[in-house]
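Enquirer: The structure that follows is given in the form of structure tokens.
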Amino acid sequence: MKTKRKRRTEPIEKRLKDIQHEILVAVASGKPLHDVMTLLCARAEEIAPDTICSVIRVDSEGRLRPLAAPSLPDDYSRGIDGLAIGPMIGSCGSAAYYGEPVEVRSIRTDPRWVDFRDAALALGLRACWSSPIKSHDGRVVGTFAFYFSTARKPSKTEKYIVELCAHLCALAIEHWDAQARIHHLAYTDTLTGLGNRALLSEHFSDILARAHAMSKEVAVFYIDLDGFRAINDLRGHKAGDQLLCRVADRIRAITGEADLIARLGSDEFLIVKTQGEDRNEFVTLAQRLSEQLSGRYGLEADVEVKAAASIGVACFPGDGKDLDGLMGHADTALCRVKRENRSGYAFYSCEMDAEKHARRSFERDVSLAAAAGQLSVVYQPQANVESCDIIGFEALLRWKHPIHGFVSPEKFIPAAEACGVITEIGAFVLREALAQAARWPDHLRVSVNASPAQIVHVDFAHLVEETLRASNVDPSRLEIEVTESLFIYDSNAAMKTLERLKALGVSVAIDDFGTGYSSLSTLRSFPFDRIKIDRSFVADMVENSDAAAIVNSILSLGRALARPVIAEGVETQLQLEMLRDLDCSEVQGYLIGKPLPIAKYAQIVKPVPKSEKRTRYVPRKKQEQLTA
């Protein structure tokens, strides 16, 4: 009997393995969930020809949402959509409700089908076996069903097929949910639920392209709350956060038909609106925003605060033809409102070019900073997650302005890119970092950030090669960190440069992973040596289950790709312990060490005397091979 059973199941097992491989490849390649489920249904029906297959999701409210049923009419699926799961909701609704397989041998007589019997029988469906699809934590996230044209129970082979298919559905749905959470966190402001800067950058050019095609104007409304800092100081950050949420709600209500609404940070909001039929609608909208955002806001605990809004407006194409230009001019108009110490709005005009001159003055200061000796490099340690032994440092640029003091890199790096001195500044950081690394023990690596403008517009690989040669640092000790924006900037040029860096023996890390426009496609495009989890996910992972799930997903992805993962922004022991439990490779953050002059880490980077012969660093695996 055992021999016969083996012969009978071998062909099915082989075909199921082929299906499993095909579905997993489809999931990994980023195909839409509907397409993956439709493919699975089609393949299942091929090996079980007397069946009709369907996959249904269960949403967060416990309602059925059809995903795929290629052999059933769309009307049938629409009739199921939105039904709440329950003990009498057919086979799928009851299977989802109980979390157990439900075997209905006769749709005609089974009481669970009383409300759906006629629709099923009209299609020749006589029996249905539904199995719940469960996530890794036991939640029912869907159902996988086989319909039969005769009143009968499923065979052992059909049960075997359903078992594997339900497992594949669970993998696909969980992957899709994880990607949706990553996308939501990457493109949504977590406090207000509005879009963020990443969403704005992703969609703004498309909005302008559509408007250009229709010969329409597009207005950018830059909003800043007046007195927000005072409310934060007097009432506390909780009240400040509540106020921001109330303001976001009012903006939604006022500008329901806007193309895009985003919170840019702190108390700054941006609205993008394409012109309709009324040419004066931008002025009308600016007036409504000014009037309705200014006034009293009721917060929790019967707290009431008063706030007002200042608004600067710039219009495409007259005031600018890209995001930076329009935002810059809208900001200039906003500054005009602020300078006049009044709430209200102002449209950009050429008279406001004083702001441009101020920016140019700032860019001039940036361009002179290197020659004036105002730039310096600090180093933040990176550690092994288990032992906390220091394994390297990230080199970070600092600028001390003679008047304004230390200026944030987030402010002066874009200015350096705009005025064309980023290549000079980048070369300065690279030379300083490698000169320091040459004095360190050979097991310590150094990581250097490279902006898209550096990599795309100069022979960056040649600069790296020459600097390595001059410093006598082994290429394996240098790591170049890039962000996903590099591939938006100029994908082809970026690929060529990164490939040349790899050929030199330099490692390349992807920084701020999870915040980009398409993280998985970025990983597919280039074999990065290391993945850096963005600090925003690490900061929230202890208290926020979604952030923790994303961190876990990125770590799982790193293991699947055999890539070490380093978590940035580790500031607490709880975060470190959690990352240890999740098998993270490396960590970086204030808990390990702050960005400081390298002299502060003298005990870790004791200089090698010049009289001693320098030995090249050999990876541990290679050492084992040499000594074997």
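Position 378 of the sequence shown, counting from 1, maps to 386 under this note's numbering, and the rest follow consecutively. Glycine included, every Cβ here is placed at the ideal spot set by N, Cα and C.
(1) Checking 8 Å against the spacing of the C-beta atoms, do residue 50 and residue 81 come in under that value?
(2) Buried or exposed: residue 589, going by 16 or more other Cβ atoms within 10 Å of its Cβ?
(3) Let me check understanding here. Comparing Cα to Cα, which of 293, 294, 317, 292 lies closest to residue 304?
(4) Straight-line CA distance for residue 8 to residue 222?
(5) In or out: residue 583 buried (at least 16 other Cβ within 10 Å) or exposed?
(6) For residue 573, does the count of other Cβ atoms within 10 angstroms reach 16, so buried, or fall short, so exposed?
(7) Within its chain, find whatever has a CB closer than 7 Å to the CB of residue 526; leave out the 5 residues flanking it on each side and keep chain order.
(8) Could you tell me whether the Cβ atoms of residue 170 and residue 152 are closer together than 8 Å?
(9) Nearest by alpha-carbon distance to residue 99: which of 545, 438, 140 is it?
(10) Where residue 483 and residue 334 are concerned, what is the direct C-alpha to C-alpha distance, given to the nearest angstrom?
(11) Taking contact to mean 3 or more Cβ pairs, one atom from each stretch, closer than 8 Å, check whether the region 393 to 403 and the region 435 to 451 are in contact.
(12) With a threshold of 16 other CB atoms inside 10 Å of the CB of residue 350, please say whether the residue is buried or exposed.
(13) Cα separation between residue 209 and residue 261?
(14) Going by CA-CA distance only, name the one from 604, 276, 612, 561 that's closest to residue 591.
(15) Buried or exposed for residue 296, going by 16 or more other Cβ atoms inside 10 Å?
(16) Kindly list the residues whose CB is nearer than 7 Å to the CB of residue 324, restricted to its own chain and excluding five residues on each side of it in sequence; keep chain order.
(17) Enumerate in chain order the residues of its own chain whose CB-to-CB distance from residue 372 is below 8 Å, with the five nearest sequence positions on each side excluded.
(18) Is residue 258 near residue 301, with beta carbons less than 8 Å apart?
(19) Below 8 Å on the Cβ atoms is my guess for residue 63 versus residue 76; work out the distance and round it to an integer in Å.
(20) Is the CB-CB distance between residue 5 and residue 519 below 8 Å?
(21) To which residues of the same chain is residue 550 closer than 8 Å at the C-beta, ignoring the five residues directly before and after it?
(22) When you compare the region 428 to 437 with the region 457 to 476, are there three or more beta-carbon pairs, one atom per stretch, that lie closer than 8 Å?
(23) Using DSSP's beta-bridge definition, name the partner residues of residue 314.
(24) For residue 84, which of helix, strand or coil comes out of DSSP?
(25) Using DSSP's beta-bridge definition, name the partner residues of residue 137.
(26) Please classify residue 213: is it buried, with 16 or more other beta-carbons within 10 angstroms of its beta-carbon, or exposed?
(27) Just how far apart, CA to CA, sit residue 416 and residue 336?
(28) Got a sec? Which residues, its chain only, sit under 7 Å from residue 360 by beta carbon, not counting five neighbours each side?
(29) Classify residue 129: buried if its beta carbon has 16 or more other beta carbons within 10 angstroms, exposed otherwise.
(30) Is residue 380 helix, strand or coil by DSSP?
(31) How many angstroms separate the CA atom of residue 308 from the CA atom of residue 235?
(32) Can you give me the C-alpha to C-alpha distance between residue 189 and residue 180, rounded to a whole angstrom?
(33) Since residue 65 is in the beta strand (DSSP E), which residue starts that stretch and which ends it?
(34) Between the beta-carbon of residue 554 and the beta-carbon of residue 193, is there less than 8 Å?
(35) When the distance is taken between beta carbons, is residue 420 closer than 8 Å to residue 374?
Expert: The relevant details are as follows:
(1) Along the sequence shown, one-based indexing puts residue 50 at 42. Along the sequence shown, one-based indexing puts residue 81 at 73. Their beta carbons are not under 8 Å apart, which means residue 50 does not touch residue 81 by this criterion.
(2) In the sequence shown, residue 589 corresponds to position 581, counting from 1. The residue in question, residue 589, is exposed, as its Cβ has fewer than 16 Cβ neighbours within 10 Å.
(3) Within the sequence shown, residue 304 is the residue found at index 296, counting from 1. The shortest Cα separation from residue 304 among 293, 294, 317, 292 belongs to 317.
(4) Because the chain is modelled from 9 through 636, residue 8 falls outside the range shown and cannot be assessed.
(5) On the sequence shown, residue 583 is found 575 positions in, with the first residue counted as 1. It counts as buried.
(6) Walking along the sequence shown from the start, residue 573 turns up at place 565. It is buried - the Cβ of residue 573 has at least 16 other Cβ atoms within 10 Å.
(7) As a first step, residue 526 must be located in the sequence shown, where it is residue number 518. Because residue 526 sits at a pLDDT of 47, beneath the cut-off of 50, its placement in the model cannot be relied upon, and the following sentence gives the value as read from the coordinates. Counting only Cβ-Cβ distances below 7 Å, and skipping sequence neighbours, we find nothing.
(8) As a position in the sequence shown, residue 170 is number 162, starting the count at 1. As a position in the sequence shown, residue 152 is number 144, starting the count at 1. Against a cut-off of 8 Å, the Cβ pair of residue 152 and residue 170 comes out as a contact.
(9) Taking the first residue of the sequence shown as 1, we reach residue 99 at position 91. Of the listed residues, the one whose Cα sits closest to residue 99 is 140.
(10) Numbered from its first residue, the sequence shown carries residue 483 at position 475. Numbered from its first residue, the sequence shown carries residue 334 at position 326. Each residue's alpha carbon lies about 42 Å from the other.
(11) yes
(12) In the sequence shown, the residue the question calls residue 350 occupies position 342. Its Cβ having fewer than 16 others within 10 Å, residue 350 is exposed.
(13) By one-based count along the sequence shown, residue 209 stands at place 201. By one-based count along the sequence shown, residue 261 stands at place 253. Cα to Cα, the separation comes out at about 23 Å.
(14) The sequence position of residue 591 within the sequence shown is 583, counting from 1. Ranking 604, 276, 612, 561 by Cα distance to residue 591 puts 561 first.
(15) By 1-based counting over the sequence shown, the position of residue 296 is 288. Exposed: under 16 other Cβ atoms inside 10 Å.
(16) For the purposes of this step, residue 324 is taken as the residue at position 316 of the sequence shown. Same-chain partners within the cutoff: 216, 219, 225, 226, 334.
(17) By 1-based counting over the sequence shown, the position of residue 372 is 364. Same-chain partners within the cutoff: 427.
(18) Within the sequence shown, the letter at position 250 stands for residue 258. Within the sequence shown, the letter at position 293 stands for residue 301. It is a contact, given that the beta carbons lie within the stated cut-off.
(19) Residue 63 sits at position 55 when you count from the first residue of the sequence shown. Residue 76 sits at position 68 when you count from the first residue of the sequence shown. Yes, they are in contact, since the Cβ atoms of residue 63 and residue 76 sit about 5 Å apart, within 8 Å.
(20) Only positions 9 to 636 of the chain appear in this structure, which leaves residue 5 out of reach.
(21) Locating residue 550 in the sequence shown gives position 542, counting from the first residue. Excluding residues within five positions, the ones whose Cβ falls inside 8 Å are 556, 580, 582, 583, 586.
(22) yes
(23) The count along the sequence shown starts at 1 and reaches residue 314 at position 306. Paired residue(s): 304.
(24) Reading the sequence shown from its first residue, position 76 is the one you call residue 84. The answer is helix: DSSP assigns residue 84 an H, G or I state.
(25) Against the sequence shown, residue 137 aligns to sequence position 129. Paired residue(s): 111, 154.
(26) Residue mapping note: residue 213 aligns to position 205 of the sequence shown, counting from 1. Exposed is the call here.
(27) Numbered from its first residue, the sequence shown carries residue 416 at position 408. Numbered from its first residue, the sequence shown carries residue 336 at position 328. Residue 416 and residue 336: Cα-Cα distance of roughly 18 Å.
(28) Walking along the sequence shown from the start, residue 360 turns up at place 352. For residue 360, where only same-chain residues beyond five positions count, the Cβ hits under 7 Å are 340, 341, 344.
(29) Position 121 of the sequence shown, counted from the start, is the residue given in the question as residue 129. Exposed, because fewer than 16 other Cβ atoms sit within 10 Å of the Cβ of residue 129.
(30) Here residue 380 is taken as the residue at index 372 of the sequence shown, counted from 1. Residue 380 falls in the coil class under three-state DSSP.
(31) The residue given as residue 308 occupies position 300 in the sequence shown. The residue given as residue 235 occupies position 227 in the sequence shown. Rounded to whole angstroms, residue 308 to residue 235 spans 19 Å at the Cα level.
(32) For the purposes of this step, residue 189 is taken as residue 181 along the sequence shown, with counting starting at 1. For the purposes of this step, residue 180 is taken as residue 172 along the sequence shown, with counting starting at 1. Those two C-alpha atoms are separated by around 14 Å.
(33) Stepping through the sequence shown from its first residue, residue 65 is reached at position 57. Unbroken beta strand (DSSP E) run through residue 65: 59 to 66.
(34) Here residue 554 refers to the residue found at position 546 of the sequence shown. Here residue 193 refers to the residue found at position 185 of the sequence shown. Yes, Cβ-Cβ distance for residue 554 and residue 193 is below 8 Å.
(35) Stepping through the sequence shown from its first residue, residue 374 is reached at position 366. Stepping through the sequence shown from its first residue, residue 420 is reached at position 412. In this structure, residue 420 lies closer than 8 Å to residue 374 by Cβ.
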